[in-house]
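Those protein sequence lines, which keep their order, are chains E and V. Here my numbering is used: the first residue of the first sequence is 1, the next is one more, and so on. Here my numbering is used: the first residue of the second sequence is 1001, the next is one more, and so on. Backbone N, C-alpha and C define an ideal beta-carbon position, used for all residues, glycine too. Read the structure below first, then the notes.
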Amino acid sequence: MKPAQMDTTQAEAFVDAQCALLGLPLAPEHRPGVVRYLHLVAGMAPRVMDFALTPADESGSVFVPVSPTGGGPR
Amino acid sequence: MSAVARVAASLARIEATDGRVNAFTAVLADRAMARAAAVDAGQVTGPLAGMPFAVKNLFDADGLATLAGSKIERESAPAIRDAFLVRQLEAAGAVLVGALNMDEYAYGFTTENTHYGPTRNPHDLTRVSGGSSGGSAAAVAAGQVPLTLGSDTNGSIRVPASLCGVFGLKPTLGRLSRAGSYPFVASLDHLGPFARSVTDLAAAYDAMQGHDPDDPAQQARPIEPTSAQLARGSDGLRIGVLGGWFRTMTLPPALAAVERVAAALGAERVVEWPEVDRARAAAFLITNVEGATLHLPRLKTRAQDFEPLSRDRFLAGALLPAVWVQQSQRVRRWFAQQVAKSFEDVDVLIAPTTPCTSPVIGTEWLEINGIRMPARASMGLLTQPVSCIGLPAVSVPLWGLDPAAPHLPIGVQIIAAPWREDLCLRVARALEAAGVVSAPIARLASID
Chain E
1 MKPAQMDTTQ AEAFVDAQCA LLGLPLAPEH RPGVVRYLHL VAGMAPRVMD FALTPADESG
61 SVFVPVSPTG GGPR
Chain V
1001 MSAVARVAAS LARIEATDGR VNAFTAVLAD RAMARAAAVD AGQVTGPLAG MPFAVKNLFD
1061 ADGLATLAGS KIERESAPAI RDAFLVRQLE AAGAVLVGAL NMDEYAYGFT TENTHYGPTR
1121 NPHDLTRVSG GSSGGSAAAV AAGQVPLTLG SDTNGSIRVP ASLCGVFGLK PTLGRLSRAG
1181 SYPFVASLDH LGPFARSVTD LAAAYDAMQG HDPDDPAQQA RPIEPTSAQL ARGSDGLRIG
1241 VLGGWFRTMT LPPALAAVER VAAALGAERV VEWPEVDRAR AAAFLITNVE GATLHLPRLK
1301 TRAQDFEPLS RDRFLAGALL PAVWVQQSQR VRRWFAQQVA KSFEDVDVLI APTTPCTSPV
1361 IGTEWLEING IRMPARASMG LLTQPVSCIG LPAVSVPLWG LDPAAPHLPI GVQIIAAPWR
1421 EDLCLRVARA LEAAGVVSAP IARLASID
């Protein structure tokens, strides 16, 4: 199933399940906007997910190790 | 003119005009006058001596709660120290006079802030100032201060600079310290200045450089001053025009602005970056998920207190599959590698900053190339692919290119390879000297 093809019922079920998993209360008046926005983002996601990358393609997010302030033994 | 006189004039202009513009959320008159007196007494010297400035209210200012445009942060403890960049500017003689309106938590492109009211475009008070650093651009355009600071995650310096007709610099990602500013998206957040002249823009940028041990994201770079380079202009530079996405996702005034700049610079070569729409999608997804992650504790307990225009986006961002954002980071890296190749053949690239001139406040939709698009998000279509990979860019203001609204400005981005802010500023200065771009103070018509 492609996320972009989710219908409203599926999108609502996804929102409810994810909110339960996160412990995120969702007010009834906010739910339609969240579902609408999920559809918008889901329509955009294939632009990155369908792009062929190789295992050698690194992440743009690179962690820098943190050294202790005082330095180590000499 | 003394520093005290300059700061007093700035405070008087704010008092006279901000009821119509709504750029400021706090004015620090006592602090500013005391600091100005110290400058006049010779206790502080520097290239910015006596220059009033203001900052987007996501910068820490000693004694003020750092609002980041929100209602929730009003309850935060006041900052106990100025942000690093504020300290750098004041060490160079500038004087902080206040804090500026913005989209809540920097998630927007229009500064239609529900809690604090919209910041109005000084060149047409019925229109948006752009965002999320709308107050920063409007304060400069209104002549309230000659210098401001803002942040740019996806275009939030360049978009309001374009819509308000001022100069704005987004430096290379990791160049300037972000310590003491309220974050939005750690992967993409940049800080930078707005001004009415390239000389002031460069002077402020130069003063803000410097190592800050409190910012883990700052890159180890030497201080590379640019002011002395400005007079070199565009001589000897290979300048190209970005095609593809940057021509397709625009309306005629934006294309006309690029053509005018290209003609002035003698730039004929068209450069196309590959897969720009994928880079934009990557930035969109990274922003949505990182921003939502940052605010998840508040979304769980106080969602009703968020800005209605962005709350649902934040909530949805908390729910997305992790693979979408991890893959976005890989696409981003791939795109940066491709773009780096383009800079082997050119030194500087030009592109429109916004697809159109400033929309009327409340505009929901606009049409670009026959496609109906959400107006607010569309303001970042042309800036997002550039900040996605951290390139430095200056937005320069042009005038009279929208036949339907000839009083409105529109910006063009001057983009260079990483760490070459000097080239962006040199080209901007050349265009300013040639009279192609300028940032006049708005005449400020009455709101009614």
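Check the Cα spacing between V/Arg1087 and each of V/Gly1400, V/Ala1202, V/His1211 and V/Thr1126: the tightest is with V/His1211. The stretch 1415-1428 of chain V makes contact with the stretch 1158-1176 of chain V; the number of CB pairs closer than 8 Å reaches 3 or more.
Boundaries of the alpha helix (DSSP H) harbouring V/Ala1137: Gly1134 to Ala1141, taken from the DSSP string. Separation of V/Pro1253 and V/Ile1410 (C-alpha to C-alpha, rounded to the nearest whole angstrom) is 8 Å.
Of all residues in the stretch 6-27 of chain E, only Phe14, Val15, Gln18, Cys19, Leu22, Gly23, Leu24, Pro25, Leu26 and Ala27 place a beta-carbon less than 8 Å from a beta-carbon of chain V. At a cut-off of 8 Å between beta carbons, E/Ser61 contacts chain V. Interface residue (Cβ-Cβ distance to chain E less than 8 Å): V/Arg1330 is classified as such. For V/Thr1126 against V/Thr1119, the beta-carbon gap comes to about 13 Å, at or over 8 Å, which does not count as contact.
In this structure V/Pro1122 is in contact with V/Leu1444, their Cβ atoms being roughly 6 Å apart against a cut-off of 8 Å. Collapsing the DSSP output to three states places V/Arg1127 in a strand. Annotated as proximal: V/Gln1413 and V/Ala1393, with beta-carbon spacing under 8 Å.
For the C-beta of V/Trp1419, not a single chain E residue is nearer than 7 Å; the gap to the nearest is close to 17 Å.
Note that the C-beta distance between V/Arg1074 and V/Asp1062 is not below 8 Å. The three-state secondary structure of V/Lys1071, taken from DSSP, is coil. For a Cβ distance threshold of 9 Å, residue set Leu22, Gly23, Leu24 and Pro25 of chain E lies close to V/Lys1300, ordered along the chain. Looking only at V/Ala1003, V/Val1436, V/Val1027 and V/Ala1034, the smallest Cα-Cα distance to V/Gly1266 is reached by V/Val1436. Neighbours of E/Ala45 in chain V, taken as residues whose beta carbon is under 7 Å from its own, are Leu1285 and Trp1324 in chain order. Taking a Cβ-Cβ cut-off of 7 Å, V/Asn1101 has no neighbours in chain E, whose nearest Cβ is about 24 Å from it. Using a Cβ distance threshold of 8 Å, E/Val34 and V/Asp1312 count as a contacting pair. The three-state reading of DSSP puts V/Ser1310 in helix, counting H, G and I together. V/Leu1089 is outside the set of residues whose beta carbon lies under 8 Å from a beta carbon in chain E. V/Leu1096: member of the beta strand (DSSP E) spanning Val1095 to Leu1100, first to last residue. Between V/Pro1397 and V/Ala1439, the C-beta gap is smaller than 8 Å, which places the two residues in contact.
Under DSSP, V/Ala1292 shares a beta bridge with no residue.
Under the Cβ criterion of 8 Å, E/Gly33 is counted among the residues facing chain V.
V/Val1412: member of the beta strand (DSSP E) spanning Pro1409 to Ala1416, first to last residue.
Collapsing the DSSP output to three states places V/Met1373 in a strand. When Cβ-Cβ separations below 8 Å define contact, V/Ala1257 makes no contact with chain E.
In the three-state reduction of the DSSP assignment, V/Glu1367 falls in the strand class, which pools E and B. V/Pro1355 is positioned such that its CB atom lies no closer than 8 Å to that of V/Leu1391. Within the DSSP secondary-structure output, V/Val1348 pairs in a beta bridge with V/Ile1239 and V/Ala1416. Residues of the stretch 1172-1190 of chain V that bring their beta carbon within less than 7 Å of a beta carbon in chain E comprise Ser1187, in sequence order.
For V/Thr1025, there is no enclosing alpha helix (DSSP H); the enclosing beta strand (DSSP E) has its first and last residue at Phe1024 to Val1027. V/Asp1152 sits in a strand when the DSSP states are folded into three classes. The beta carbon of V/Leu1315 sits closer than 8 Å to some beta carbon of chain E. The three-state reading of DSSP puts V/His1190 in strand, counting E and B together.
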